[in-house]
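In this note's numbering, the protein residues as written are 6 to 251.
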């Protein structure tokens with residue numbers, strides 16, 4: 006992601022409907038895992054630390070990001086031990102030291118996704134857990150993906166195969182953000198039709214806060230998916246979520 010966007014991300018991450026809704030869904034998944042009370046947790050690609058309060062309540066938290074400015078914002082939360090690094094080459098952690106690794110919208114940024122997941126696998130203790138989210142469906146590719154430096158979007162079958170090839174046993178894998186799928190997909194496809202090959206310099210980020218009542222309504226709609234994900238696997242969605250173990 007462009008470093009210039011991190012101040013905006015830090016400003017919005019606690020309250021914006023998309024970040025807050027994703028956290029609510031991830032938290033529900035973590036409740037089902039049942040981590041030990043002394044869990045050692047690593048968040049990879051932590052950004053400005055919006056997930057820290059949720060994760061720090063569950064154990065001793067470590068976090069890594071490749072961007073110094075992001076780590077500066079994350080450090081201000083004083084909830085995690087921070088490290089600068091990148092996957093898979095600069096991974097400053099020992100093998101078998103974590104009970105949980107969290108990667109929320111990180112894998113799509115990495116050039117070598119398989120080697121990166123193998124490094125994550127090696128860092129987990131026996132029966133350690135991985136919770137991850139990624140953007141879904143390549144036909145939803147838009148300026149949003151370019152601005153945020155995504156390399157790819159995933160289908161469920163692709164993510165399932167990748168996790169299996171890297172040694173993970175999958176407990177749950179599903180599309181999510183399905184209730185808002187028609188609206189978001191429509192906007193993305195309209196943007197592509199309007200400017201099939203827009204100049205990157207003219208692309209604007211979408212890290213903006215909607216009006217308060219709109220944000221509240223979107224958050225309520227998005228976050229209510231947490232009550233059906235688990236027993237239900239939606240056949241389509243803007244993103245994918247996976248829970249796996251070693």
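Think of the CB as a built atom: it goes at the ideal place given N, C-alpha and C, for glycine as much as any other residue.
Counting other Cβ atoms within 10 Å of its Cβ, residue 213 stays below 16 and is therefore classed as exposed. Residue pairing by DSSP places residue 65 opposite 45 in a beta bridge.
Ranked by Cα distance from residue 153, the first of 36, 42, 50, 180 is 50. In its chain, beyond the 5 residues on either side, 47, 49, 125, 128, 129, 135 have a beta carbon closer than 7 Å to the beta carbon of residue 106. Scanning the stretch 135 to 204 for uninterrupted beta strand (DSSP E) segments of 3 residues or longer gives 174 to 181, listed from N- to C-terminal end. In this structure, residue 68 and residue 90 do not form a Cβ contact; the two beta carbons are roughly 10 Å apart against a cut-off of 8 Å. Residue 251: not part of any alpha helix (DSSP H); DSSP gives it neither H nor E. The three-state secondary structure of residue 19, taken from DSSP, is coil. Its Cα nearest to that of residue 8, the residue 75 stands out among 75, 61, 24. A Cβ-Cβ separation of about 6 Å places residue 241 in contact with residue 186 under the 8 Å criterion. Boundaries for residue 76: no beta strand (DSSP E) harbours it, while the alpha helix (DSSP H) harbouring it runs 73 to 80, taken from the DSSP string. For the pair residue 199 and residue 140, the Cα-to-Cα distance works out to about 22 Å. Residue 29 and residue 19 have their C-alpha atoms roughly 12 Å apart. Our two residues, residue 181 and residue 246, have alpha carbons roughly 7 Å apart in a direct line. Per the coordinates, the alpha-carbon of residue 179 lies some 12 Å from the alpha-carbon of residue 230. Straight through space, the alpha carbons of residue 251 and residue 162 are spaced by roughly 19 Å. In the three-state DSSP reduction, residue 50 falls in the coil class, being neither helix nor strand. Counting along the chain, residue 217 sits inside the alpha helix (DSSP H) bounded by residues 217 to 228. Counting C-beta atoms within 10 angstroms of its own C-beta, residue 132 has fewer than 16 neighbours from the protein chains shown and is therefore classed as exposed.
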